[in-house]
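Data first, discussion second: the structure below is written as structure tokens.
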Amino acid sequence: MMDFSLDNYKKPAEVEEMPSWVKSASCKKLYVQCIYYFDIIKSKMELSAHLSIKERRIVLRRLAKDCSVDPSLLSSRRQPDLIKFIAQKNIELDQYWISKCAKRGGSGRKLTKPELVKQLALLNSEFHILENLRLAEAFTSAIEKNLAVSKSELILLNETLSIENKDLRERNKSLNGQLRDMIIALNKMQKN
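Mapping the sequence shown onto our numbering, position 146 (from 1) lands on 158, and the numbers just tick up by one.
As structure tokens, then:
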């Protein structure tokens, strides 16, 4: 007689493989948290019709804070693949939001003036938030470029100063040798 068990028919849970660029522990933590945020935000979109732009996107600073890592770790210079992945997920969330808004549709009636004013205020605040986010990204990239330039200038200055220091040490050594020779010659002249 055959033993019946649900375990024989149960499908194993799908294990999502980590991409090849997920190497360090902090990158893995950020990747897993990003996937978690993606799912949470998507479910919030299902439930609510009014979410702010920050509530329907993966925000890098919040992601870093929740993973207990420094926000500077989330830069395109340090984690380019992770930043591209997060940008791709944000694009997917934006598209999903647009499709959800299109499905909701309207009732076919015109909005009243107070409703239009409220909607305009929401759109204006969303616009300002997006504008601030873009300005922050632009300033961050400008600062990173400026730091890179100043760092390369400092390296060049350091090399120049170390060469000059080496030349001055050699000159000092030469002058000390000449002084020693002159003192010896002077002592010999005084003895004679």
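Backbone N, C-alpha and C define an ideal beta-carbon position, used for all residues, glycine too.
Since the model is a prediction, treat every value here as computed from it, not as a measurement.
| Near Ile95, which residues of its chain fall below 6 Å by C-beta distance, leaving aside the five closest residues on each side in sequence? | Your numbering for residue 95 matches position 83 in the sequence shown. Excluding residues up to 5 positions away in sequence, Ser88 lie with their Cβ nearer than 6 Å to the Cβ of Ile95 in the same chain.
Kindly indicate which three-state DSSP category Lys35 falls into: helix, strand or coil?
-> Here residue 35 is taken as the residue at index 23 of the sequence shown, counted from 1. Lys35 falls in the coil class under three-state DSSP.
* Asked: DSSP on Cys79, reduced to helix/strand/coil?
  -> To locate residue 79, count along the sequence shown from 1; it is residue 67. The three-state secondary structure of Cys79, taken from DSSP, is coil.
- prompt: Counting pairs of beta carbons, one from the region 30 to 40 and one from the region 61 to 68, are three or more of them closer than 8 Å?
  reply: Not touching, per the Cβ criterion.
### Task
Could you confirm whether any beta carbon from chain D is found closer than 8 Å to the beta carbon of Trp109?
The question asks about chain D, but that chain is absent: this structure has only one protein chain.
(message) Using a 10 Å radius around the Cβ and a threshold of 16 neighbouring Cβ atoms, would you call Gln91 buried or exposed?
(response) Walking along the sequence shown from the start, residue 91 turns up at place 79. So Gln91 counts as buried.
His140 - DSSP class collapsed to helix/strand/coil
Sequence index remark: in the sequence shown, residue 140 carries index 128 (1-based). If DSSP states are grouped into helix, strand and coil, His140 belongs with the helices.
Report task. Could you pull out every unbroken alpha helix (DSSP H) segment of at least 4 residues lying fully inside the region 33 to 67, listed in chain order? Result -> With a minimum length of 4 residues, the continuous alpha helix (DSSP H) runs that stay inside the region 33 to 67 are 37 to 59.
Legend entry - the region 69 to 80 contacting the region 122 to 134, beta-carbon criterion three pairs below 8 Å: Taking 8 Å as the limit for Cβ pairs, the verdict is that the region 122 to 134 does not touch the region 69 to 80.
| request: Count the C-beta pairs between the region 97 to 111 and the region 134 to 147 that are closer than 8 Å, then say yes if the count reaches three, no if not. | output: The way I'd put it, the region 97 to 111 doesn't touch the region 134 to 147; fewer than three beta-carbon pairs between them come closer than 8 Å.
How many Å lie between Met30 and Ser174 at the Cα? In the sequence shown, the residue the question calls residue 30 occupies position 18. In the sequence shown, the residue the question calls residue 174 occupies position 162. Near 46 Å, if we compare the C-alpha coordinates of Ser174 and Met30.
**Prompt:** In its own chain, which residues sit with a C-beta less than 7 Å from the C-beta of Trp109, not counting the 5 before and 5 after it?
**Reply:** If you number the sequence shown from 1, residue 109 lands on position 97. The answer, listed in chain order, is Met57 and Arg68.
Hey, would you say Leu72 sits closer than 8 Å to Leu86, going by beta carbons? Here residue 72 refers to the residue found at position 60 when the sequence shown is read from its first residue. Here residue 86 refers to the residue found at position 74 when the sequence shown is read from its first residue. Result yes, Cβ atoms of Leu72 and Leu86 sit closer than 8 Å.
Considering only their Cβ atoms, is the gap separating Phe50 from Lys112 smaller than 8 Å? As a first step, residue 112 must be located in the sequence shown, where it is residue number 100. As a first step, residue 50 must be located in the sequence shown, where it is residue number 38. Cβ distance not < 8 Å, so Lys112 and Phe50 don't count as in contact.
**Item:** Three-way DSSP call (helix, strand, coil) for Thr30 in this model
**Value:** Translated into positions along the sequence shown, residue 30 becomes position 18. For clarity, residue 30 is Met in the given sequence; the question names Thr instead. Coil at Met30, not helix or strand.
**Asked** Any idea what DSSP makes of Ile196, helix, strand or coil?
**Response** Locating residue 196 in the sequence shown gives position 184, where the first residue counts as 1. In this structure, Ile196 counts as helix in the three-state DSSP scheme.
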